[in-house]
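Numbering (our numbering), first residue to last: 39 to 544.
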């Protein structure tokens with residue numbers, strides 16, 4: 039292949055993907071590998087960092103091999119990864135812990151300690167983070183300090199999974215500004231690690247974290263051992279990229295202040311780019327810094343596609359058999375078919391999808407999932423559809439909160455795995471009562487990573503300079519009849535939320 043191409047890598051919670059794109063955004067090859075999460079006690083949700091790293095080497099090699107590429111064809115490698123996940127490493131970069139992910143809630147006592155002993159509204163205005171929630175590494179690092187004091191003492195740096203991968207590949211500890219912002223320890227007003235938080239809450243110095251760089255920063259030199267295994271040159275530009283949420287905004291072309299990116303993968307989020315920090319009086323949304331003149335505000339849910347994955351895993355053999363018999367190439371296409379057979383509202387069945395606790399909108403780490411209104415008439419199809427609806431009810435609550443603090447949203451752009459599901463998109467259009475534009479590249483995070491690489495090497499002018507491929511390819515319009523059904527069902531959802539979780543959202 040004579041035309042140079044660009045590699046994007048997305049390190050997810052459930053798996054890792056490597057996609058190869060040309061300069062026009064056409065995908066010419068990809069590979070994906072799922073890996074297990076570790077959950078052997080209540081609140082635990084970890085990953086083995088070395089399993090993630092080995093998977094990365096494998097998917098990069100496979101994606102390149104599938105395209106018949108040579109060493110010289112790869113122009114750059116851009117990175118994207120799950121946010122709010124970290125691990126402790128020693129001076130040599132060896133991991134002292136597993137990756138403690140965003141879904142791990144074991145630090146709930148530490149989060150409550152922060153809430154009780156510090157002015158969290160002031161911290162929110164500093165960091166853009168609701169730091170009194172165990173999603174944020176701030177409370178998780180405090181948990182490591184309390185529960186594993188020797189590990190804490192021996193820790194050279196606390197790093198994100200992307201930092202760990204970059205260190206393994208290059209020997210350099212660097213973190214992009216948005217991933218740093220999502221730690222809960224960075225001041226989003228000056229883009230520096232916050233001295234007050236580090237000294238008073240964690241009692242550490244800023245050198246325990248990586249050097250903060252912009253997302254287009256190029257890490258010099260990939261170790262020859264790994265370059266050879268992946269099939270790339272040692273001087274291939276390795277671009278640090280950013281968190282998957284920010285990369286999704288870039289990859290779907292949603293980086294102006296009128297476009298809201300809606301991503302549902304394992305988790306889910308709604309995000310909008312703004313030109314100044316944006317705060318919610320009740321701290322229901324977050325705001326992370328991205329560039330010197332751009333911040334990203336939004337809200338994220340723990341429970342997106344992981345809800346369907348949970349049901350898949352519980353009844354995998356049966357679902358695989360049914361998918362095979364119906365000639366579907368995967369279980370999720372079978373789920374789409376099942377959901378499409380059931381009327382909007384799932385015949386009165388409502389699912390509160392909080393199987394891994396809750397982030398936005400209620401920020402209740404103790405929240406649990408609930409099926410409400412279950413009757414003898416309901417079957418697996420109703421449960422699948424109610425699960426999809428429950429995720430969207432929750433996303434709609436976040437949308438209402440963002441709309442309250444920024445009423446400038448004119449377009450919602452769907453991306454992530456759910457954007458491949460026509461039925462899930464229709465459910466969203468009907469519940470939101472809004473048109474939903476579908477991104478031209480649905481796997482927007484991994485393309486955003488590749489696109490950042492294009493910008494870093496000078497082949498694209500700027501991150502705000504979208505190419506035609508990034509424009510929406512279709513628009514899903516709400517069905518007026520379904521909208522009326524969902525108005526009632528959403529009210530029920532809110533009432534059940536209040537009755538079961540003891541909090542009123544609106």
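Think of the CB as a built atom: it goes at the ideal place given N, C-alpha and C, for glycine as much as any other residue.
Does DSSP put residue i in a helix, in a strand, or in coil?
{"i": "residue 525", "result": "helix"}
{"i": "residue 238", "result": "helix"}
{"i": "residue 543", "result": "coil"}
{"i": "residue 451", "result": "strand"}
{"i": "residue 470", "result": "helix"}
{"i": "residue 129", "result": "coil"}
{"i": "residue 49", "result": "strand"}
{"i": "residue 338", "result": "strand"}
{"i": "residue 225", "result": "strand"}
{"i": "residue 433", "result": "helix"}
{"i": "residue 134", "result": "coil"}
{"i": "residue 230", "result": "strand"}
{"i": "residue 76", "result": "strand"}
{"i": "residue 83", "result": "coil"}
{"i": "residue 198", "result": "strand"}
{"i": "residue 165", "result": "helix"}
{"i": "residue 490", "result": "helix"}
{"i": "residue 204", "result": "helix"}
{"i": "residue 507", "result": "helix"}
{"i": "residue 105", "result": "coil"}
{"i": "residue 363", "result": "helix"}
Are the C-beta atoms of residue i and some chain D residue less than 8 Å apart?
{"i": "residue 508", "result": "Absent from the structure is chain D; it holds one protein chain and no more."}
Between residue i and residue j, how many whole angstroms is the CB-CB distance? I'm expecting something under 8 Å.
{"i": "residue 112", "j": "residue 45", "result": "6 Å"}
{"i": "residue 122", "j": "residue 82", "result": "No, residue 122 and residue 82 are not in contact; Cβ-Cβ is about 15 Å, not under 8 Å."}
{"i": "residue 407", "j": "residue 391", "result": "6 Å"}
{"i": "residue 439", "j": "residue 289", "result": "With 8 Å as the limit, residue 439 and residue 289 do not qualify as a contact, their Cβ atoms being about 24 Å apart."}
{"i": "residue 61", "j": "residue 90", "result": "Contact doesn't hold; Cβ gap of about 29 Å is too wide."}
{"i": "residue 47", "j": "residue 484", "result": "7 Å"}
{"i": "residue 98", "j": "residue 268", "result": "4 Å"}
{"i": "residue 454", "j": "residue 482", "result": "7 Å"}
{"i": "residue 476", "j": "residue 504", "result": "15 Å between Cβ atoms; not a contact."}
{"i": "residue 488", "j": "residue 59", "result": "5 Å"}
{"i": "residue 78", "j": "residue 125", "result": "With 8 Å as the limit, residue 78 and residue 125 do not qualify as a contact, their Cβ atoms being about 17 Å apart."}
{"i": "residue 473", "j": "residue 512", "result": "So it is not a contact: roughly 10 Å between Cβ atoms."}
Out of curiosity, what's the CA-to-CA distance linking residue i and residue j?
{"i": "residue 464", "j": "residue 471", "result": "10 Å"}
{"i": "residue 322", "j": "residue 355", "result": "40 Å"}
{"i": "residue 431", "j": "residue 129", "result": "45 Å"}
{"i": "residue 205", "j": "residue 376", "result": "44 Å"}
{"i": "residue 147", "j": "residue 169", "result": "13 Å"}
{"i": "residue 558", "j": "residue 418", "result": "The requested residue 558 is not part of the displayed model; the chain covers only 39 to 544."}
{"i": "residue 253", "j": "residue 537", "result": "43 Å"}
{"i": "residue 422", "j": "residue 250", "result": "42 Å"}
{"i": "residue 401", "j": "residue 340", "result": "10 Å"}
{"i": "residue 542", "j": "residue 530", "result": "12 Å"}
{"i": "residue 502", "j": "residue 171", "result": "32 Å"}
{"i": "residue 384", "j": "residue 378", "result": "10 Å"}
{"i": "residue 152", "j": "residue 160", "result": "12 Å"}
{"i": "residue 342", "j": "residue 380", "result": "20 Å"}
{"i": "residue 257", "j": "residue 275", "result": "7 Å"}
{"i": "residue 115", "j": "residue 292", "result": "22 Å"}
{"i": "residue 368", "j": "residue 361", "result": "6 Å"}
{"i": "residue 403", "j": "residue 535", "result": "14 Å"}
Identify every residue that forms a DSSP beta bridge with residue i.
{"i": "residue 249", "result": "212"}
{"i": "residue 329", "result": "332"}
{"i": "residue 116", "result": "46 and 277"}
{"i": "residue 124", "result": "138 and 198"}
{"i": "residue 65", "result": "59"}
{"i": "residue 475", "result": "451 and 513"}
{"i": "residue 185", "result": "None; residue 185 has no bridge partner."}
{"i": "residue 389", "result": "409"}
{"i": "residue 54", "result": "49 and 71"}
*Scan the segment 256–326 and note each continuous beta strand (DSSP E) run of 3 residues or more that stays entirely inside, going in chain order.*
Fully enclosed beta strand (DSSP E) runs of 3 or longer: 276–281, 297–302 and 306–312.
*In chain order, which continuous runs of the beta strand (DSSP E) of length 3 or greater are located wholly inside the segment 392–428?*
If only uninterrupted beta strand (DSSP E) runs of at least 3 residues are considered, those enclosed by the segment 392–428 are 408–410.
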